[in-house]
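Quick notes on the structure that follows.
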Amino acid sequence: MCLRLHIRYSANLIPKWLLLTKLDKYVKVRARSATDLLLRLLVGAPVVTVNSAASLIGRSFVHPNEAVTRLVETGILKQVSVGRRNRAIETPEIIVAFAALERQLAHFE
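Take any residue in the sequence shown, count from 1 to its spot, add 7: that is its number in my numbering.
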């Protein structure tokens with residue numbers, strides 16, 4: 008439960024346009040689908056496995072796996088591990104945004 012609260016809080020730190028600009032061009036997403044739920048949580052968990060994604064959105068393995076495959080094909084997600092089993096996936100734009108935020112915060116003194 009604590010992780011989900013952290014993810015929801017983190018989602019407010021990054022502008023939604025990071026994901027939505029690509030999403031509008033390439034993917035039609037049904038509300039409350041595995042893809043929709045996963046996209047909302049990626050800001051707080053920019054690196055996931057399919058199993059951890061399934062756990063985060065509260066769905067069985069099949070639908071999050073399809074969502075991940077779809078989002079990798081559109082370029083929103085990037086697979087960072089080799090192979091199809093236990094694959095790790097990252098959201099590069101979110102990681103870049105967090106790094107930029109970290110640099111900005113480091114300059115405050």
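Each residue gets a CB set at the ideal place from its N, CA and C atoms; glycine is no exception. Every value quoted in this text rests on a predicted model; they were computed, and no experiment measured them.
Which residues share a DSSP beta bridge with Leu86?
The sequence shown places Gln at residue 86, not Leu. Beta-bridge pairing links Gln86 to Ile96.
Beta-carbon proximity list for Gln86, same chain, < 6 Å, skipping 5 on both sides
Val79, Arg94 and Ile96
Buried or exposed, going by whether 16 or more other CB atoms sit within 10 Å of the CB of Ile89?
For the sequence presented, residue 89 should be read as Val rather than Ile. Exposed, since its Cβ has fewer than 16 Cβ neighbours within 10 Å.
Can you give me the start and stop residues for the alpha helix (DSSP H) that Val54 sits inside?
Not the alpha helix (DSSP H): Val54 falls in the beta strand (DSSP E), residues Val54 to Thr56.
Comparing alpha-carbon positions, which option in His70, Gln111 and Ile83 lies nearest Val57?
His70
List the whole-angstrom C-beta distance separating Thr81 from Leu49, where the pair is believed to meet the contact cut-off of C-beta under 8 Å.
Wrong, their Cβ atoms sit about 13 Å apart, outside the cutoff.
Quick check: what's the CA-CA separation for Leu108 versus Arg92?
33 Å
Spatial neighbours of Val54 within its chain, please: CB distance less than 6 Å, with the 5 preceding and 5 following residues excluded, ordered by chain position.
Excluding sequence neighbours, Val54 sits near Glu97.
By Cβ distance, which residues of its chain are closer than 7 Å to Ala60, with the 5 residues on each side in sequence left out?
Leu45, Pro71 and Val75
Would you call Ile101 buried or exposed, if buried means 16 or more other Cβ atoms sit within 10 Å of its Cβ?
Counting other Cβ atoms within 10 Å of its Cβ, Ile101 reaches 16 or more and is therefore classed as buried.
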